[in-house]
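Beneath this line is the structure, given in structure tokens, with notes to follow.
Below you can see the structure in the form of structure tokens.
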């Protein structure tokens, strides 16, 4: 998952984005005639938290730069569909062994060839424990991967200069879909000599490259210019891209209004009520691949994996008035959830069986709660939702608690932790004794990415320790099915189980809220809420 | 004089050790694991986490961490941030920007505050005085972020006289607006301070004597009244310079100034001990230096104050 961070006020994962009046994202071709192909586009960003190495960049500040200067086997188009970029073909018979062919004669901007070794070496580097790469978990399905010791990826084999094979530990039908993510980008040979220096001044093969050795002005901006050698589907329609690092979204928004910024992908919450007026048809508000929920761990009294627990979870879910909260508190920049994934993902459905548990239904909620009380009385316990108070969550947590309190007639409140780090520590070491806020931003546009890491038995981010063999079996089945439509059916069925068990209570999808200046056009936001910078033209 | 300065410099050593120890302890005592926060809502695998802990010495007890850090400082190594950048580089990058901003703000508030305060004091009770008091009261009661947002909106967005935020390299012309905003509150304080001090000095014997000797107002006001009124004003302005250097977090955030306040805030939130302590160490040094300079300035303003020993 990608972490979005803004220095001031919200270091936590700030799901700052969300949905928008659809359709307004791409604004016609009327001004393309006067477009200046040498114009530099300015966009907002934040200082990368880590050196600019693809396998070590897990937050959006560095992620947008990495995506601009590297080209992987695939890239994702605006709808999230994978398109071949460097790869000529990716083939498999069994979803377990993949043969990947690379287009010939491609080079990095320093002249190093883009070949099978530049992928295999980069992946080996990213997976090795002692290299401490934050994205190493992306390689966990490849044969030979180990979390506990240095162990080479034996599943990677170079066949010839332009061909290599990948063998997975078990079938994963969505593996090709993952290959557009930045962890799978190639690295030039020169990188391995001094990775620290490379991280400060990376050399890539993407649509843009760093303008100079000093292009990255720390904490201020990074200057990218077009890489003429790039010849994939993301050919830049402008002369370059300058990403300005902002400490606060407010400053970035002021710059957009002041004409100093061309494209903004995060409207500050202080402007939620005004930005559509300020920007008119240049405002963007569309769903993003960000799912928000709160998790009720099974170890809490009354919420075990039994009849009583299920009744109480369903009652709480039906006691929350999602449309009202997204309207009043988020000014329509969140979309009430109807499943556990996101509307931008292929296979999303708003009509899963049992999804009515996500609709506001006070009478039914009261009834279910009373049934649970008949099994074991709730007494005067308090239902609490933990959150980190440095991330702007207090308002909605209070609203959700009040909604639960009013409908069910029980005590409910928020349980703030001072910092994101403190909240995550309590969640990770399992010392937390309340429900807690959870959010997920997808790494790649697939249903599995919203389900496997979060709810599969013993999965890495299964913070509520949910376990259901039936759910695991359906995930497994979907993963080993080559046909993506069939796989998605399995994943939907798996979600129908989640809707009964409710290990987490789905709340809403975040939207991406943004806007752009009068001089730019062809602004379109990608599935991951980042504008497709290469398409933008400026007059 | 030299002995006095030397003694003051030696006093700085225990102060520095004490503050770094306290600050390091406070960062250490912050709840939660800063490395976990690096992964967002995703739970990292334990082996990787353990390795990162070792790398940043977070697996060591507090006192070991502190002495490792202290030992590094004596070798000129201030540690590294989570992003792999040397803290000394971050210091070298951010302090010049903030110092520039602080000096500009100081000049604005000092010149403006003293001039208006002087005129106010001389014309006590007149229209000018009354209006200056009202205006300064308004500035004092407004929170700085309100002033900053309003200034940004009016001068940056509506009128377009200034850039809405500071561009790369923080050039002087971009810093003018944030400097005015930063100066606004102390400016109001300085008006009131100067005014009160001038009124008091005006009534003193030597001023009456000067008038009695038939000296011109042109000589009495700057030499006899103003100079003798400046001691509290200089003390305030110097302390304020220290505050400007360390406390511009809000203004730097709003105008996106890549300076100390913004960087320190991020480091605190991320729990980066070495970065926070290094910044604070430099700030303590600055405070000590500023205080020393102020004490020496007293001697210039009032020859009765002498540092003999």
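Residue numbers (the numbering used here), protein chains in the order written: chain A, 1 to 539; chain B, 1001 to 1309.
All C-beta atoms in this analysis are idealised placements derived from N, C-alpha and C, irrespective of residue type, glycine included.
Neighbours of residue 1060 of chain B in chain A, taken as residues at a C-beta separation under 7 Å, are lacking, since the least C-beta distance is about 18 Å. Beta bridge pairing from DSSP links residue 165 of chain A with A:99, A:157. When Cβ-Cβ separations below 8 Å define contact, residue 1156 of chain B makes contact with chain A. Annotation for residue 366 of chain A: no beta strand (DSSP E) segment contains it, though the alpha helix (DSSP H) segment containing it runs 362-375. For residue 1166 of chain B, the closest of A:534, A:261, A:348 by C-alpha to C-alpha distance is A:261. The beta carbon of residue 424 of chain A falls within 8 Å of a beta carbon belonging to chain B, placing the residue at that interface.
In the DSSP assignment, residue 1253 of chain B falls within the alpha helix (DSSP H) that extends over 1249-1254.
When DSSP states are grouped into helix, strand and coil, residue 131 of chain A belongs to the helix group. Annotation: residue 249 of chain A has no Cβ neighbours in chain B at a cutoff of 9 Å; minimum Cβ distance is about 10 Å. Listed along the chain, the chain B residues whose CB falls inside 8 Å of the CB of residue 49 of chain A are 1038, 1082, 1083.
Take the alpha-carbon of residue 308 of chain A and the one of residue 395 of chain A: they are about 29 Å apart. Residue 1187 of chain B carries a helical assignment under DSSP once its states are collapsed to helix, strand and coil. In the three-state reduction of the DSSP assignment, residue 1180 of chain B falls in the helix class, which pools H, G and I. A straight line joining the alpha-carbon of residue 1225 of chain B with that of residue 1019 of chain B spans about 40 Å. For residue 463 of chain A, the residues of chain B that pass the 7 Å Cβ criterion are 1043, in the order they occur in the chain.
In this structure, residue 97 of chain A sits near residue 167 of chain A, with a CB-CB distance shorter than 8 Å. The residue among B:1250, B:1231, B:1119 with its C-alpha nearest the C-alpha of residue 1300 of chain B is B:1231. Residue environment analysis places residue 1218 of chain B among the exposed positions, since fewer than 16 neighbouring C-beta atoms fall within 10 angstroms of its C-beta.
Going by beta carbons, residue 120 of chain A and residue 86 of chain A fall outside the 8 Å limit. Taken atom to atom, the span from the alpha-carbon of residue 529 of chain A to that of residue 79 of chain A is near 11 Å.
The contact set of residue 1072 of chain B on chain A, defined by CB atoms closer than 8 Å, is empty, because the minimum CB distance reaches about 18 Å.
Counting the other CB atoms within 10 Å of its CB gives residue 214 of chain A a total below 16, which places it among the exposed residues.
At a C-beta separation below 7 Å, residue 390 of chain A has these neighbours in chain B: 1269.
If you draw a straight line from the Cα of residue 388 of chain A to the Cα of residue 1296 of chain B, it comes to about 48 Å. In the DSSP assignment, residue 389 of chain A falls outside any alpha helix (DSSP H) and carries neither an H nor an E. The beta-carbon separation of residue 49 of chain A and residue 1186 of chain B, rounded to 35 Å, does not stay under the 8 Å limit for a contact. Assignment of beta-bridge partners to residue 506 of chain A by DSSP yields A:293. Within 8 Å of the CB of residue 1055 of chain B, the CB atoms of chain A belong to 132, in sequence order along the chain.
Judged by beta-carbon spacing, residue 141 of chain A lies beyond the 8 Å limit of residue 103 of chain A, meaning their Cβ atoms are not closer than that value. Contact between the segment 396-413 of chain A and the segment 1022-1030 of chain B is not established, with fewer than three Cβ pairs separated by less than 8 Å. Bounds of the beta strand (DSSP E) holding residue 224 of chain A are 221-226. Here residue 1154 of chain B is exposed, its C-beta having fewer than 16 other C-beta atoms within 10 Å. Residues of chain B with a Cβ closer than 7 Å to the Cβ of residue 428 of chain A are, in chain order, 1036, 1043.
DSSP places residue 1100 of chain B outside any beta strand (DSSP E); the residue lies instead in the alpha helix (DSSP H), whose first and last residues are 1087-1122.
Taking the C-beta atoms as reference points, residue 495 of chain A is found no nearer than 8 Å to residue 294 of chain A. Your pair residue 1128 of chain B and residue 1135 of chain B does not check out as a contact, with CB atoms roughly 11 Å apart and the cut at 8 Å.
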